[in-house]
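Everything on this sheet refers to the single structure shown next.
In full-length UniProt numbering, the protein residues as written are 1 to 416.
Dropping the structure here:
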């Protein structure tokens, strides 16, 4: 098509999630003209859905423990948090008229637990500050002349920006806009991109049809999970849920990174569950060794081990009905029930994704080494974190870092 590119006076931001909106706020506060482009009909859709059950904005865990939640990217994310950490995020929300509180698990929520008032107030303030929003503009990559290409209801639209911040999300929840389609354009431009993989996700085990049909959706709580990582065994208590194909839930999500990496290395990962964390093995052995007096194995489990429903059915599923009379085996399995995880669920079902633009492909201000003047932020970067407010905090912080980096670059190159 003929070149009909429209020049922009300042910064183009592509993506209307928290990272993109924060980059817009930083740049506009510095006096930079900002045009923000969003593929969907409105901004912040994933942010709204994430807050549907109560917006977990950040976490009250002190640093450096907070930084360690980002695993091998902890040092890099720590630099972003030095500029904008959990306390700064809470203060920022307060500036929008949204007060927060620390819940019993140290997760931080707005007092009304809602995402919509915060997003509405934020977008309203950005509009009042002069940020120009362009919705239904799906980014297609770059034209040969370096112009940004967008698919719009009126056909393809091209713009030329002095600088660009890409905040396009990962590959989870594609129906909300984060579909990872941006990968091809960046790879073609020489940017090093790690494949997007599921994070904070469930795993397939392969239940029998009998077990799946009766217990899919059943919670397992409380349990203690044991897993291997870096040659050491780790343990964590929490809750999970049986699915039609395997297991998911908050406890499993928290372990998704090491479990996914083990599967990639070994083909499978074994997760052990303690189904009765309040009972010692010796006590279980004594209790289960009591005479059954004609009671069924299920009734015996309920009376002597306090297990019923999905927990009891898991024992039948793993060791088989014929071995349920072996009290020593039964007790040992209750305390260390092995679940062989075969694969992570597809990234489209995951809460977030790992992989993305490698941090080594960018400078400290999150500008692409291969593409001067182009910055990246948010979940499209190669980092991951557990749920609990850590994901959102890093998205906000990286957006702030990229936005300020773009301002510095524009100033240094006399493009303002």
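All residues carry an ideal CB built from backbone N, CA and C; glycine is no exception.
Only a predicted model underlies this, so the values are computations on that prediction, with no experimental measurement involved.
Cβ-based neighbour list, residue 409, same chain, cut-off 7 Å, excluding 5 preceding and 5 following: 163, 367, 373.
Pick from 78, 110, 386 that is closest to residue 92, judged by C-alpha positions: Here the closest residue by C-alpha is 110.
Among 274, 284, 202, the one whose alpha carbon lies nearest that of residue 226: Comparing Cα-Cα distances from residue 226 to each of 274, 284, 202, the minimum goes to 274.
DSSP three-state assignment for residue 70, whether helix, strand or coil: In the structure shown, residue 70 sits in coil (DSSP, three-state: anything other than H, G, I, E or B).
At least 3 beta-carbon pairs within less than 8 Å: the stretch 63-75 vs the stretch 129-144: With fewer than three CB-CB distances shorter than 8 Å, the stretch 63-75 does not count as touching the stretch 129-144.
8 Å contact criterion, which residue 338 and residue 357 should meet: CB distance rounded: Their Cβ separation, rounded to whole angstroms, is 37 Å, which puts residue 338 and residue 357 out of contact at 8 Å.
Residues near residue 2 in its chain [Cβ-Cβ closer than 6 Å; skip 5 each side]: For residue 2, the predicted model reports a pLDDT of 45, less than 50, meaning its position is unreliable; a value from the coordinates is still stated below. So no residue of the chain qualifies.
Beta-carbon proximity list for residue 214, same chain, < 8 Å, skipping 5 on both sides: Closer than 8 Å at Cβ, skipping near neighbours: 313.
Reduced DSSP category for residue 290 - H, G, I as helix; E, B as strand; rest coil: DSSP places residue 290 in coil when its eight states are reduced to three.
Distance between residue 340 and residue 196 (C-alpha atoms, nearest Å): Their backbone Cα atoms lie some 24 Å apart in a straight line.
Residue 87 in three-state terms, based on DSSP: Note: residue 87 maps to helix in three-state DSSP.
With 16 other Cβ atoms within 10 Å as the buried cut-off, status of residue 101: By the 10 Å Cβ count, residue 101 comes out exposed.
Bounding residues of the beta strand (DSSP E) (the contiguous stretch that carries residue 405): Taken as a continuous stretch (DSSP letters only), residue 405 belongs to no beta strand (DSSP E), being part of the alpha helix (DSSP H) at 390-412.
Residue of 63, 407, 40, 142 minimising C-alpha distance to residue 186: Taking only the C-alpha atoms, the option nearest residue 186 is 142.
Among 259, 112, 150, 182, nearest to residue 381 - alpha-carbon criterion: Measuring from the Cα of residue 381, the nearest candidate turns out to be 182.
Given 8 Å, three or more beta-carbon pairs between the stretch 119-130 and the stretch 171-178: Counting C-beta pairs closer than 8 Å gives fewer than three between the stretch 119-130 and the stretch 171-178, which falls short of the contact rule.
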